[in-house]
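Q: With my numbering applied, the sequence shown corresponds to residues 1 to 138, in that order.
The beta-carbon is built from N, C-alpha and C at its ideal position, and this holds for glycine as well.
This is the structure I have questions about; it appears just below.
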Amino acid sequence: MTAEKRLSDEQWQQIAPLLPSASGHHGRPYCDDHRRTVEGILWIAYSGAQWRLLPKEFGKWQTVYRRFRRWAERGVFSQVLAASADSLDLSISQVDGTFIKVHQDAAGARKSEGPPLSPDEFRPSGPQRGAILPSSSR
């Protein structure tokens with residue numbers, strides 16, 4: 001399985017200087033090419049797949065995920081988006097509606113007739129605290 005590249009060489013030349021260099025990195029040195037990692041991040045963003053399903057040609061999914069998370073925390077992607085804002089084609093965009101959730105109380109609620117009740121007019125519909133319940137309800 002060959003995953004197609006998302007970045008052109010021109011786009012890569014534009015964002016490569018904005019990515020962290022190995023000289024400023026503390027800890028283990030970067031062993032993977034940044035372009036390969038960025039292509040993996042873009043593949044995940046485009047496909048919507050889980051990190052574990054990242055094709056092996058992008059490297060280990062754990063490595064790509066950790067680098068994505070660290071770069072996001074450091075604001076690297078904000079810098080990349082700000083620098084490449086002029087070349088972005090936003091004429092095609094979409095919103096993924098699978099993340100829009102409705103509160104559980106929104107389903108099947110009764111529609112009120114008239115203005116909302118004031119706190120003095122509000123009467124709970126269930127048994128009140130201290131009320132004597134029939135023996136069948138205890």
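Look at the alpha carbon of R67 and the alpha carbon of E39, and state the distance between them as a whole number of angstroms.
A: Roughly 12 Å separates the two Cα atoms.
Q: Please return the same chain residues whose Cβ sits closer than 8 Å to the Cβ of F58, not counting the five positions on each side in sequence.
A: Cβ within range, chain order: A3, R36, T37, E39, G40, W43 and V64.
Q: Taking 9 Å as the threshold (C-beta atoms), are A83 and I15 in contact?
A: Contact flag set, yes.
Q: Report the rounded CA-to-CA distance for M1 versus L54, giving the unit in angstroms.
A: Below a pLDDT of 50, predicted positions are generally treated as unreliable, and M1, at 47, falls in that range; the measurement from the model is reported next regardless. When rounded, the distance between both Cα atoms is 11 Å.
Q: For V76 and L18, I'd like the C-alpha separation in whole angstroms.
A: Taking the straight line from one Cα to the other gives about 7 Å.
Q: Is the separation between the beta-carbon of P20 and that of W71 shorter than 9 Å?
A: For P20 and W71, yes; Cβs fall inside 9 Å.
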